[in-house]
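Residue numbers (the numbering used here), protein chains in the order written: chain H, 1 to 139; chain Y, 140 to 278.
We put the CB at the ideal spot given by N, CA and C, even for glycine.
Heads up: the structure comes next, in C-alpha cells.
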DNA sequence: CTGGATCCGAAATGATACTG
DNA sequence: CAGTATCATTTCGGATCCAG
C-alpha cells in the first residue's frame, strides 16, 4: 500500500524525495548508504581522503586507532562502491595511493551537512542522553 | 560454534549498554551520530515519524520487516537522545504515540540531503559494486 | 610497505514466547 | 496494544601471524 498519504502534506521545510518504498523486497538506498558509511571508520577515511590523497600508512597513522584489517576492509568497501580509487605504484618499497573518485567527492557535500548538524546538536544530544540515563533523583 | 560458553552470565540484551563504560577516548560527534543512525532501522523510523506521529503498531506495520524487539530498541535509542517523543495514552486498549521532537525534526534537513544523494547515486554505486564483484575482463 | 588469512570476543539482529 | 525475556545466528572489530 503505497497510498499512505491521506492528503496530509508534511509541514517540513525539507522535501524528502521518498526514501520509504514500503517494499519489503527492496530496501531503500538511503538505508544502504547508511549501512555503508555508518560503520566505525568509513567517515573518517572519507574525510581524510577528501582533503588529499593518502597512502595506506598515511591513513593508518592518521587515524591511529584503526587496525590494518579494518582499514583494508573499509577501503575495499569504498573501492567496491566506486567511492575510492586505488592506485598502485610499483616502486621499491611498493606504495599504494588512495583517493576519492568524483562520485566519492560528491558525497562530501551531504556528509558535511550531517557533520555540521552533529557538531551543532552534539551538546543537546549528550545532555538528553545523560538525563534519560540517570534515574530521576530530582523533581 | 558449539555452546562453549565460559560461564558467561546471560547479559540482558534489552537493557541498553552503557554508552561510555569508562574513560573511553572521546570521538568526534560525527562518528557518534553515524553510529546512532547508521544501524538498520533508525533512519526508516525517523523518516516515518517525520511524516506524522505514529503508534507502535503503525511503525511495526509500516516497516513490516522489523521485529518488535528491534523496533523497541530503535525507539528507545532515539528517545534517549531526545530525537523522539513517547506519549502514552491510558486508553483501553492502551496506545503509545511516537513523534519527532523539535531536535529530531531538525535532523530531517541534513538527512534529506544524504537521502537525495543516495537516491541520485544509487545506480552508479550499484553498477560499480556489481562491476567490481564480477571477474570481468577489465583493462 | 601493503594487506591477506585466521582466530577470537563483542555487538547487532532476528525469531519466538510470554506478560500487563 | 505495547512491550519484555530468552535464545540463536550473523556481523563487526581487533590482535596476530604470514606473504608478496
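Give a yes or no on whether the C-beta atoms belonging to residue 115 (chain H) and residue 221 (chain Y) are separated by under 9 Å. Taking the first residue of the first chain as 1, we reach residue 115 (chain H) at position 115. Taking the first residue of the second chain as 1, we reach residue 221 (chain Y) at position 82. No, the Cβ-Cβ distance between residue 115 (chain H) and residue 221 (chain Y) is not below 9 Å.
Since I believe residue 223 (chain Y) is in contact with residue 239 (chain Y) (beta carbons under 8 Å), could you give me their beta-carbon distance rounded to a whole number of angstroms? The sequence position of residue 239 (chain Y) within the second chain is 100, counting from 1. The sequence position of residue 223 (chain Y) within the second chain is 84, counting from 1. Contact holds; Cβ gap of about 6 Å.
Of all the residues that make up the stretch 76-100 of chain H, which are near chain Y by a beta-carbon distance shorter than 9 Å? 79, 80, 81, 82 and 83
Buried or exposed: residue 57 (chain H), going by 16 or more other Cβ atoms within 10 Å of its Cβ? On the first chain, position 57 is the one that residue 57 (chain H) refers to. The residue in question, residue 57 (chain H), is exposed, as its Cβ has fewer than 16 Cβ neighbours within 10 Å.
For residue 186 (chain Y), does the three-state DSSP call read helix, strand or coil? Working through the second chain from its first residue, we reach residue 186 (chain Y) at position 47. Three-state DSSP puts residue 186 (chain Y) in a helix.
Out of curiosity, what's the CA-to-CA distance linking residue 147 (chain Y) and residue 226 (chain Y)? Translated into positions along the second chain, residue 147 (chain Y) becomes position 8. Translated into positions along the second chain, residue 226 (chain Y) becomes position 87. Its pLDDT being 34, under 50, residue 147 (chain Y) is placed unreliably by the model, and nothing is read from it.
Take residue 96 (chain H) and list the residues in its own chain whose beta-carbon comes closer than 8 Å to its own, dropping the five residues that flank it on each side. Residue mapping note: residue 96 (chain H) aligns to position 96 of the first chain, counting from 1. If we look at residue 96 (chain H) and ignore the five residues flanking it on each side, its Cβ neighbours are 55, 56, 86, 87, 88 and 89.
Work out the CA separation of residue 230 (chain Y) and residue 79 (chain H) for me, nearest whole Å. In the first chain, residue 79 (chain H) corresponds to position 79, counting from 1. In the second chain, residue 230 (chain Y) corresponds to position 91, counting from 1. If I take the Cα positions, the gap works out to 53 Å.
Output the boundary residues of the alpha helix (DSSP H) element that contains residue 197 (chain Y). The residue labelled residue 197 (chain Y) in the question sits at position 58 within the second chain. Its alpha helix (DSSP H) spans residues 195-202.
Would you tell me roughly how many angstroms separate the C-alpha atoms of residue 213 (chain Y) and residue 204 (chain Y), rounded to the nearest one? By one-based count along the second chain, residue 213 (chain Y) stands at place 74. By one-based count along the second chain, residue 204 (chain Y) stands at place 65. The alpha-carbon atoms of residue 213 (chain Y) and residue 204 (chain Y) are separated by roughly 14 Å.
Buried or exposed: where does residue 109 (chain H) fall if 16 or more other Cβ atoms within 10 Å of its Cβ makes it buried? Along the first chain, one-based indexing puts residue 109 (chain H) at 109. Residue 109 (chain H) comes out exposed.
Rounded straight-line distance, which links the Cα of residue 37 (chain H) to that of residue 49 (chain H): In the first chain, residue 49 (chain H) corresponds to position 49, counting from 1. In the first chain, residue 37 (chain H) corresponds to position 37, counting from 1. Those two C-alpha atoms are separated by around 14 Å.
Are there 16 or more other CB atoms within 10 angstroms of the CB of residue 119 (chain H), so buried, or fewer, so exposed? One-based indexing of the first chain puts residue 119 (chain H) at position 119. Exposed, since its Cβ has fewer than 16 Cβ neighbours within 10 Å.
Out of curiosity, what's the CA-to-CA distance linking residue 76 (chain H) and residue 233 (chain Y)? Counting from one through the first chain, the residue named residue 76 (chain H) turns up at place 76. Counting from one through the second chain, the residue named residue 233 (chain Y) turns up at place 94. For residue 76 (chain H) and residue 233 (chain Y), the distance between alpha carbons rounds to 49 Å.
Where the alpha helix (DSSP H) through residue 227 (chain Y) begins and ends: In the second chain, counting from the first residue as 1, residue 227 (chain Y) sits at position 88. Note, residue 227 (chain Y): premise wrong, no alpha helix (DSSP H); beta strand (DSSP E) at 223-228.
Roughly how many angstroms separate the alpha carbons of residue 245 (chain Y) and residue 123 (chain H), rounded to a whole number? Reading the second chain from its first residue, position 106 is the one you call residue 245 (chain Y). Reading the first chain from its first residue, position 123 is the one you call residue 123 (chain H). Rounded to whole angstroms, residue 245 (chain Y) to residue 123 (chain H) spans 14 Å at the Cα level.
Are the Cβ atoms of residue 183 (chain Y) and residue 121 (chain H) separated by less than 9 Å? Counting from one through the second chain, the residue named residue 183 (chain Y) turns up at place 44. Counting from one through the first chain, the residue named residue 121 (chain H) turns up at place 121. No, the Cβ-Cβ distance between residue 183 (chain Y) and residue 121 (chain H) is not below 9 Å.
Would you call the CB atoms of residue 186 (chain Y) and residue 30 (chain H) closer than 9 Å? Here residue 186 (chain Y) is taken as the residue at index 47 of the second chain, counted from 1. Here residue 30 (chain H) is taken as the residue at index 30 of the first chain, counted from 1. The answer is yes: Cβ separation under 9 Å.
Here's the rule I'm using: 16 or more other beta-carbon atoms within 10 Å means buried, otherwise exposed. How should residue 72 (chain H) be labelled? One-based indexing of the first chain puts residue 72 (chain H) at position 72. Per the 10 Å Cβ criterion, exposed.
Have a look at the DSSP bridge pairing and note the partners of residue 34 (chain H). As a working note, residue 34 (chain H) is residue 34 in the first chain. Beta-bridge pairing links residue 34 (chain H) to no other residue.
So, is the C-beta of residue 45 (chain H) closer than 9 Å to a C-beta in chain Y? What you label residue 45 (chain H) is simply residue 45 of the first chain in a count that begins at 1. It does not; no Cβ of chain Y falls within 9 Å.
Cross-chain neighbours of residue 205 (chain Y) in chain H, by beta carbon under 7 Å: Counting from one through the second chain, the residue named residue 205 (chain Y) turns up at place 66. Correct list: empty, because the minimum Cβ distance to chain H is about 10 Å.
For residue 242 (chain Y) and chain H, any beta-carbon pair shorter than 9 Å? As a working note, residue 242 (chain Y) is residue 103 in the second chain. It does: the Cβ of residue 242 (chain Y) has a partner Cβ on chain H nearer than 9 Å.
Note down, in chain order, each residue of its chain lying with its Cβ closer than 7 Å to the Cβ of residue 112 (chain H), except the 5 sequence neighbours on either side. Indexing the first chain from 1 puts residue 112 (chain H) at position 112. Correct list: empty, nothing qualifies.
Less than 9 Å separating the beta-carbons of residue 33 (chain H) and residue 264 (chain Y)? Position 33 of the first chain, counted from the start, is the residue given in the question as residue 33 (chain H). Position 125 of the second chain, counted from the start, is the residue given in the question as residue 264 (chain Y). Contact: yes.
How about residue 245 (chain Y): is its C-beta nearer than 9 Å to some C-beta of chain H? Indexing the second chain from 1 puts residue 245 (chain Y) at position 106. Closer than 9 Å: yes.
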